[in-house]
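What follows is a short report on a single structure.
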Amino acid sequence: MADFSKHKFGTKAIHAGADADPSTGAIMTPIYQTSTYVQESPGKNKGYGYARGKNPTREALQKNIAALENGKHCLCFSSGMGATDAVMKLLRPGDEVITGDDLYGGSYRMFTKIFENYGIKFHFINLSNADNIKKYVNANTKMIWAETPTNPTMQIIDIEACSTIAKANNILLAVDNTFASPYLQNPLALGADIVMHSVTKYLGGHSDVVMGALIVDDDKLHEQLYFILNSCGANPGPMDCFLVMRGIKTLHLRMERHCFNGKKIAEFLKTHPKIEKIYWPGFTDHPNHAIAKKQMRDFGGMISIVLKDKSIDNTFKLASSFKVFSLAESLGGVESLINHPATMTHASIPKAEREKAGVVDNLLRLSVGVEDVEDLIEDLKQALA
Ligand SMILES: *Cc1c(COP(=O)(O)O)cnc(C)c1O
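Per our numbering, numbering of the sequence shown is gapless, rising by one per residue and ending at 386.
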């Protein structure tokens with residue numbers, strides 16, 4: 002296995018984990034579409050027993066993603082939520098989690114509708130001032146779950162500041178790094194214990210796979226999470242792993258264009274007369290711009306806008322009037338998407354909670370793709386006309 006740990010990001014994206022197949026020399030990782038492995042005698046096998054636990058295509062992908070996050074271990078799951086579910090299963094009844102008040106809607110739903118039933122308590126607080134965390138730490142606090150940039154209001158959470166508090170109190174820090182992707186931000190280097198990705202988004206990048214991943218440095222934590230993965234069964238299939246490996250080979254190229262297009266579009270929208278407010282961490286007047294600059298390589302292609310017109314009907318009409326942007330949930334693919342969080346990605350959050358976090362009915366979220374930016378701006382112009 003060639004070692005790419007010292008190489009730069011694009012080289013790792015293409016080569017890490019992707020050794021030529023030893024039996025044929027095939028440059029692309031084979032899709033080991035198998036559920037089981039033949040044993041020589043009972044218990045004597047080549048390290049593979051049953052494919053819920055291990056699959057060579059999955060292992061190649063895991064090595065690749067671990068390299069991109071500069072982490073020691075990666076485990077892939079059947080979805081981002083499957084990965085988050087495994088992290089929460091590290092906890093016991095009575096344990097407490099401190100998390101953000103602007104979270105991916107599905108994470109909020111899982112925490113409140115599933116894990117609260119198992120006696121785990123969640124504090125949803127504003128993490129953009131890390132000092133807020135201290136007020137909620139007690140003897141039962143076992144984890145901080147942070148998402149940065151947040152979805153959809155693009156708050157930036159200071160990972161290093163969260164990690165200082167976590168370490169001082171013996172608490173695990175888990176970071177949902179989906180919005181940034183490993184190209185823009187590497188939370189382990191900033192002191193996080195667990196990095197989670199919805200691989201469905203930028204890592205996969207082509208809107209054709211649902212997958213999740215966890216990256217950790219600690220051997221024991223890896224062992225515990227692997228035990229949960231193998232016991233509970235949220236493993237991804239080998240075909241999906243192949244597709245993600247293929248997608249990741251252009252992650253650095255795609256991210257450069259997402260960032261370039263995102264900046265141009267954010268600048269175009271900032272002065273648009275129909276727009277009340279724009280959320281994008283690249284603006285120097287973004288409240289956490291300095292932290293974004295410190296912990297991210299660039300500012301990404303996720304932008305949210307609040308329209309001056311508060312009418313939900315007019316917001317719907319606008320959201321349906323694009324020709325290049327598609328109205329759809331999800332993000333991070335090559336194609337530009339527009340989303341209405343209040344009724345789509347964040348519909349499972351009660352209206353009052355949602356609005357407190359700024360997710361109002363006249364907010365739209367853009368996932369800027371890698372098309373030609375002039376066409377995207379023309380599309381925005383005609384839709385906002
Ligand atoms: C999509 C998403 C998830 C959930 O991932 P799935 O792959 O859809 O299960 C979690 N966090 C964030 C920030 C997301 O955007």
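Where is the CB? At the ideal position from N, CA and C, for every residue including glycine. Only a predicted model underlies this, so the values are computations on that prediction, with no experimental measurement involved.
Rounded separation between L215 and I339 - CA only: 27 Å
Strand pairing of F112, partner residues [DSSP]: For F112, which the question treats as bridged, DSSP gives no partner whatsoever.
Supposed contact pair L174 and D218 - C-beta distance, whole angstroms, cut 8 Å: About 12 Å separates the two Cβ atoms, so there is no contact after all.
Simplified DSSP state of R355, which is helix, strand or coil: helix
Per-residue DSSP class, three states only, for E375: helix
Distance cut 7 Å, beta-carbon to ligand 1 heavy atom: residue list by chain order: S80, G81, M82, G83, T85, Y105, G107, S108, E148, N152, D177, T179, F180, S199, V200, T201, K202, V211, M212, G213, S331, L332
Boundaries of the alpha helix (DSSP H) in which S232 is found, first to last residue: 220-233
A235 to N56 span [Cα, whole Å]: 13 Å
Three or more C-beta pairs below 8 Å linking the segment 97-112 and the segment 78-89: yes
Reduced DSSP secondary structure (H/G/I, E/B, other) of Y105: coil
Cβ-Cβ distance between I172 and K143 below 8 Å: yes
Classification of I115 by the beta-carbon crowding that lies within 10 angstroms, buried from 16 upward: exposed
Start-to-end residues for the beta strand (DSSP E) that takes in Y280: 276-280
Assigned exposure category for E117 - 16 Cβ within 10 Å defines buried: exposed
Span separating the alpha-carbon of K45 from that of L226: 25 Å
Inter-residue spacing [alpha-carbon to alpha-carbon] between V210 and F125: 30 Å
Contacts around D159, its chain only, beta-carbon distance under 6 Å, and the 5 residues preceding and following it disregarded: A131, I292
Chain-order list of residues whose beta-carbon lies under 6 Å from that of F10 (same chain, five-residue window excluded): H253
Same chain, Cβ closer than 7 Å to G120, five either side skipped, listed in chain order: P94, G95
8 Å contact criterion, which V196 and E70 should meet: CB distance rounded: 5 Å
Of the listed residues Q40, I134, L185, A147, nearest to R258 (C-alpha basis): L185
Cut-off 8 Å between Cβ atoms - residues of its own chain near K357, not counting five sequence neighbours on either side: D102
The beta strand (DSSP E) enclosing I304, as first and last residue numbers: 303-308
At least three beta-carbon pairs within less than 8 Å, the segment 370-379 to the segment 304-313: no
CA-to-CA distance, A386 to A67, given in whole angstroms: 45 Å
Backbone CA spacing between A198 and K275 [nearest angstrom]: In the sequence as presented, Ala is not what sits at residue 198; that position holds His. Straight-line Cα distance between these residues: approximately 34 Å.
For L189, three-class secondary structure by DSSP: helix
6 Å CB neighbourhood of K324 in its chain, flanking five on each side removed: D380
Buried or exposed (CB count within 10 angstroms, at least 16 for buried), E224: exposed
6 Å CB neighbourhood of I350 in its chain, flanking five on each side removed: G106, Y109
Span of the beta strand (DSSP E), counted from its first residue to its last, around G213: 213-217
CB of A343 within 8 Å of CB of L364, strictly: yes
N426 - containing beta strand (DSSP E), residue span: Residue coverage of the chain in this structure runs from 2 to 386, which leaves residue 426 outside it and unanswerable.
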